[in-house]
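Working notes, structure below.
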Amino acid sequence: MKKTIKMTMVLALVSFFVACKEAPVKEEVVETTIEVPETQPLDNVMTKEQQQKLTPDDVLKDFIDGNNRFHSGNITRRNHSEQIRKSAPGQFPKAVVLSCLDSRVPVEDVFDQGIGDVFVGRVAGNFINVDLLGSMEFACKVAGAKLVMVMGHQDCGAIKGAIDGVELGNITEMLTKIKPAVAKSQDFGGAKLSSNPEFVKHVCRNNVSIALNQIRTQSPILKEMEDKGEIKIVGIFYRITDGTLEFVE
Ligand SMILES: [Zn+2]
């Protein structure tokens, strides 16, 4: 399929007549047609062979490149109906991402990934529990994913709730999983309030660090895979204001 762009080129022809004092300027309008090939929407999905060839560093680079496409408005066009059909027989994802519940953090979009590319676990406050650890172990040890990513984000309501000590229904117990990050953040220099975006960010980053540590200490399977270089485990702070990333140790 080709897209036709009509371009109007204005060609100014200036003719000087040395002999004539008042040099006339002639302007000519030339219309031309340029054929620009339109890129085909991506209709392939990850195969086992492609997954096995990837290194953890390849996957991380792929995700960083995807995020650059995302926040610069250059996201990949995909043929979803074709990808649904091709992915149905089996999945060979590149990564597993633990994200917050927040509607402003659409994980696949943030990394410009498609159907069959990534396992996503979500819970408000992106904390670790045994179910999410089991899910990550399945993603990597059983299904071959090469990257484990924990992604917190700017302006996280769960982090703010934990800072404020919100008590409401099951939210009360859920927030106890984030309280250790609040406790770890008491060294913060400024106002330790949920209304202070810098403090909320500080707690969020600590919350991601705690999750990374829990993965390594509570999952011998993932720790061994990391030590052998079979997977990479990384932390991310996602900025909802511009769609960019910061790494968290
Ligand atoms: Zn959140």
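First residue of the sequence shown? That's 2 in the numbering used here, and the numbers climb one at a time after it. Every residue gets a Cβ at the ideal spot worked out from N, C-alpha and C, and that includes glycine.
Three or more beta-carbon pairs separated by less than 8 Å are not found between the segment 126-135 and the segment 185-192, which leaves the two stretches without contact.
Isoleucine 116: not part of any beta strand (DSSP E); DSSP gives it neither H nor E. Isoleucine 232 sits away from valine 106, with the two beta carbons spaced by 8 Å or more. For leucine 176, the three-state secondary structure derived from DSSP is helix. Distances from the CA of glycine 74 to each of Asp243, Glu247, Val167 were compared; the closest alpha carbon is that of Asp243. When rounded, the separation of the alpha-carbon atoms in glutamine 52 and glutamate 247 is 26 Å.
Non-local beta-carbon contacts of serine 88 in its own chain, meaning distances under 7 Å to residues more than five positions away in sequence, involve Val46, Ile116, Gly117 in chain order. Across the structure, threonine 56 and phenylalanine 189 are spaced so that their CA atoms are roughly 37 Å apart.
Using a cutoff of 7 Å, the CB of glycine 230 does not count as near ligand 1, since none of the ligand's heavy atoms is closer than that. With 16 or more other Cβ atoms from the protein chains shown falling within 10 Å of its own Cβ, serine 100 counts as buried. The residues Val183, Lys193, Leu194, Ser195, Phe200, Val201, Val204, in chain order, have a CB closer than 8 Å to that of isoleucine 164 in the same chain once the five nearest residues on each side in sequence are set aside. In chain order, the residues positioned with their C-beta nearer than 5 Å to some heavy atom of ligand 1 are Cys101, Asp103, Cys157, Ala159. Our two residues, proline 94 and glutamate 174, have alpha carbons roughly 32 Å apart in a direct line. In this structure, Thr48 is the residue among Lys178, Met152, Thr48 with its C-alpha nearest to the C-alpha of proline 90. Here DSSP, grouped into helix, strand and coil, assigns glutamate 109 to helix.
Put simply, of Met152, Pro181, Glu109 the residue whose alpha carbon is nearest the alpha carbon of glycine 166 is Pro181. The beta carbon of phenylalanine 64 is closer than 6 Å to those of Phe112 in its chain, skipping five residues each way along the sequence. Contact between leucine 134 and serine 220 holds, since their C-beta atoms are separated by about 5 Å, short of 8 Å. With a cutoff of 8 Å on beta-carbon distance, valine 97 and valine 108 are scored as not near each other. Annotation: the continuous beta strand (DSSP E) that includes methionine 150 extends over 148-154.
In the displayed model, lysine 193 falls within coil according to three-state DSSP, outside both helix and strand.
Of all alpha-carbon atoms in Asp58, Asn68, Gln114, the one lying nearest the alpha-carbon of glutamine 84 is that of Gln114.
Of the other Cβ atoms in all chains shown, 16 or more fall within 10 Å of the Cβ of valine 119; this residue is therefore buried. DSSP, read as helix, strand or coil, puts arginine 240 in coil.
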